[in-house]
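When you line the sequence shown up against our numbering, it's residues 10 to 566, in that order. Even for Gly, the Cβ is constructed at its ideal location relative to N, Cα and C. Structure first, then comments.
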Amino acid sequence: MYAHFPIKGVVYPTESETIAAFNNGSALAETAGSLLRRRAVSFADKPFLISGKGILSYAEFDTKTEIIAAALLRMGLQPGDRAIFQMGTIEEALSALFGCYKAGIIPVCTLPQHREHEISTMIALTKPRAYFVQSDFSSSFDLPAFATQMAKRYGHIESVIPTGNANGCISDLSGWIDYPTAKSIVEDIKISPCDVLTFQLSGGSTGVPKIIPRFHGEYLAQAGSMVGRHRLSQSEIAIWPLPLIHNAAMVLMVFPILLAGGTLVLQRRFDRDAFLDAIKAHKVTYAGSIGPIAQSLLDDPHSSKRDLASMRMFFVLDRADAIERHLAVPTTNLYGITEGLLMTGAPEDTEKLRLHSTGYPTGPNDEVRVLHLDGEKAVGEGMEGELCFRGPHMIRGYFDAPELNAGTFTKGGLFRTGDLVRWNRIDGKVSYTFLGRLKDNISRGGEKFAAEEVERKIVEHPSILDAKVIAMPDRLLGEKACAFVIVRKGYLCPHVDELGRFLTDYGLARYKHPERIEIVDAFPVTRVGKVDKAEMRNEIARRIQLESGALEVQEGI
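Now the structure itself:
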C-alpha cells in the first residue's frame, strides 16, 4: 500500500516498514471513513454519541459526516489540504473532524485557548485552506473574529467555518447536499490507509509547535490496541469531558469506542458533579483522567459515596492506587505520547502492576528501551534512564522540520521521549514507571508547553531584566507555571494579572501564563555555572508546602 495523496514535508514509513505493519496487524487496511461506514451498518440505530445536543446513532453520525465531507469538497477543498481546528468538546467538532477524515482533509489540531503566537506559527507551517472554529467556546474571547483576522492575514485560508446557525456554519454544511449525492461525491475520493489522517501537536521543549503526522491505518491500529488492553466491548459506555481535538481523546476514547461499537458521552468541560451525575444517568462503564479529573475526585470525600456501580474501569496518568481506593473502581495508570507510544495495564493485571507502575506497551511490536542519560547504553532493571522507543506507530519525523528531526532519534533509530522512567519485571512482564521529564516542559492539566517559549515573552516586559519559568506543583492541575524574575533597577515588578495581560497582548495562550512570580537578585547555578532550574523547582515546591502548612516549621530555621 502507499499514500494516494502524499504531502510534502511529511516523513512516511519505508515500503518495508509499511508492509510489515499491515502484515503484523500494527496498521489496519482501513480508513477512519471506511471504519465509520462499516460500524454504521453493524450498529445502525445504536447510540454512538451523546452530547448536550442530544443523541446521534451510528447511522445518523455516518450520514451527517458524509454530507459534511461532500460539502467541503464542493467548496473546492481537496484531499491533502489542511484545516485549522479551534474547537472544544462538542458534537459539531467531532462531526467536522470526521467530515474532514472522509474528504481526505487534514485537521490541524490546535486548542481553542491558542492565540496569535501559536496559531500564526501553525498557519505558516501547515498553510491551511480552511479554519473550523467554535463560536461559543468563550464569552471573553471572540474566536470567529480571531479566525477571520487570521484568514485575512494569510490569504490561503479561504473559508472560516464556525459553529452556530450562520450561512456556511458546520450545521449548515450538514444540510447542503442530500445523502445519496453526498455519498457518490465522497466515494470518488479514494483515501489510502497510508494517507495522513491528522496533524497533532506536541508541546515540545523548543517553544515552536511540533506537528506530528499520524496515518489512517496505523492510528486506528494503535487505538485498537487500547480496545484489546482495556477489554472494551460493544456494551461500553465511555465519558469524555476534556479537550476533544487532543491526541488523548482520539486515541484513548473516540477511535477505541468506534472500533468496539460502544457509546461515547461528551461533556463540554469538566465539572465534578456533572461528571458524576452523567456516570449514573448513562450507566457509564469506562472513564479516564488526563488532567484535573482524578485530583478533583480525590479532593471530594463525597465522590466515593456517589453511584458508580456501572463503572468497569478508570485510567489515570498516575496515582491509580489512590483513585481505586477512593472510588472502589478498578483503575490503572497510563502513559501516552503523541509521537506513537501507549503504555498501560490490563484489567486482569495484578494491583502491583496496575497501580504501582505505568504498565507496558499496548502494541506487540513496540520496542522500548531505557537508556543511560549520558549515552545510548541500556540501563539495568530498577535503574532510571530516558524512555526511548521505536515501532510501527513511531513518527518518522515531525512535519517539515528536518533540523529538528536530526536530534529527535538515537543513532539506532529510537525516538527520544525526554521522559525519565525506571523499568522492572512485574509478574513476568517488563513494566515501566514514569518518574518525570528531562525536557524543560510544563504540563498544566495535561497541556504541555515549553518554559523557554514563555521566558522569551516575559523578558520583553520593560520591568524585567531576565526570567526563568519552572513548573510548580498544583493539586488539581498537576503543574502550573511559576516565573522567577530579575527586575530592572528602578522598576517595579508586575503582578501576576498585569504580566498576564502583557502576555495576552503578545498573543500567548492563557494556560501558559505564570500563575506565580518570585523576585530574585540572581538565579541559582550549578557547579558548572548553568542556571539550576531543579533548585528553583525544589524551592518553589518547598515554599508552597510551607504556605499550606504541610511542613512543620521550627522556630529559628
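If you check the CB distance, Asp-428 and Arg-446 come in under 7 Å. In the DSSP annotation of this structure, the continuous segment of the beta strand (DSSP E) that includes Gln-95 starts and ends at 91 to 95. Annotation note: the segment 154 to 235 contains the following uninterrupted beta strand (DSSP E) runs of length 3 or greater, listed N- to C-terminal: 168 to 171, 205 to 211, 219 to 224. Taking a 10 Å sphere around the C-beta of Asn-256, we find 16 or more other C-beta atoms and assign the residue as buried.
For Gly-108, there is no enclosing beta strand (DSSP E); the enclosing alpha helix (DSSP H) covers residues 100 to 112. Close CB contacts of Asp-541 within its chain, under the 8 Å cut and outside five residues either way in sequence, are with Phe-532, Pro-533, Val-534, Thr-535 (chain order). Around the C-beta of His-225, 16 or more other C-beta atoms lie within 10 Å, and the residue is accordingly described as buried.
Within the model, the alpha-carbon separation for Ala-232 versus Pro-373 is close to 13 Å. According to the DSSP assignment, Arg-510 belongs to the alpha helix (DSSP H) that extends over 505 to 514. Taking a cut-off of 8 Å on C-beta distances, the segment 254 to 274 does not touch the segment 303 to 318, as fewer than three cross pairs fall below it. In the three-state reduction of the DSSP assignment, Thr-294 falls in the coil class.
Beta-bridge partners of Pro-471 (DSSP): none assigned. Secondary structure remark: continuous beta strand (DSSP E) runs of at least 3 residues inside the segment 239 to 327, in chain order: 246 to 249, 272 to 275, 295 to 298, 322 to 325. Put simply, the segment 116 to 136 does not touch the segment 182 to 198. Fewer than three CB pairs are less than 8 Å apart. Contact fails between the segment 327 to 347 and the segment 405 to 420, because fewer than three Cβ pairs, one in each stretch, are under 8 Å apart.
Looking from the CA of Thr-27, the closest CA among Pro-15, Gly-487, Val-195, Glu-227 belongs to Glu-227. Here DSSP, grouped into helix, strand and coil, assigns Glu-357 to coil. Exclusion of the five residues before and after Leu-351 leaves Gly-345, Thr-371 as the residues of its chain whose Cβ lies within less than 6 Å of its Cβ. With a contact defined as Cβ atoms closer than 8 Å, Met-84 and Ser-211 miss out at about 30 Å. Pro-523 sits away from Ala-550, with the two beta carbons spaced by 7 Å or more. In the three-state DSSP reduction, Leu-501 falls in the coil class, being neither helix nor strand. Given a length threshold of 3 residues, each whole run of the beta strand (DSSP E) inside the segment 17 to 102 is given here in chain order: 56 to 60, 63 to 66, 91 to 95.
Taking every protein chain shown into account, the CB of Tyr-441 has 16 or more other CB atoms within 10 angstroms, so this residue is buried. Assignment of Ala-337 by DSSP, reduced to helix, strand and coil, places it in the coil class. Annotation: the continuous alpha helix (DSSP H) that includes Pro-411 extends over 411 to 415. In the three-state reduction of the DSSP assignment, Thr-442 falls in the strand class, which pools E and B. Apart from sequence neighbours up to five positions away, the residues of its chain that approach Ala-387 with a beta-carbon distance below 8 Å are Arg-378, Val-379, Leu-380, His-381, Gly-394, ordered along the chain. Nearest neighbour of Ala-518 by Cα position, chosen from Lys-457, Gly-487, Lys-292, turns out to be Lys-457.
Residues of the same chain with a CB within less than 7 Å of the CB of Asn-174, apart from the 5 flanking positions on each side, are Ser-180 in chain order.
The three-state reading of DSSP puts Tyr-407 in coil, since its state is none of H, G, I, E or B. By the beta-carbon neighbour count (other beta carbons within 10 angstroms, threshold 16), Lys-199 is exposed.
Inter-residue distance for Arg-334 and Asp-316 is about 15 Å (C-alpha atoms, whole angstroms).
Annotated three-state conformation of Lys-477 is strand, per DSSP. Look at Lys-542 here: in three-state DSSP terms it is helix. Residue state for Thr-347 is assigned as coil, using DSSP reduced to three classes.
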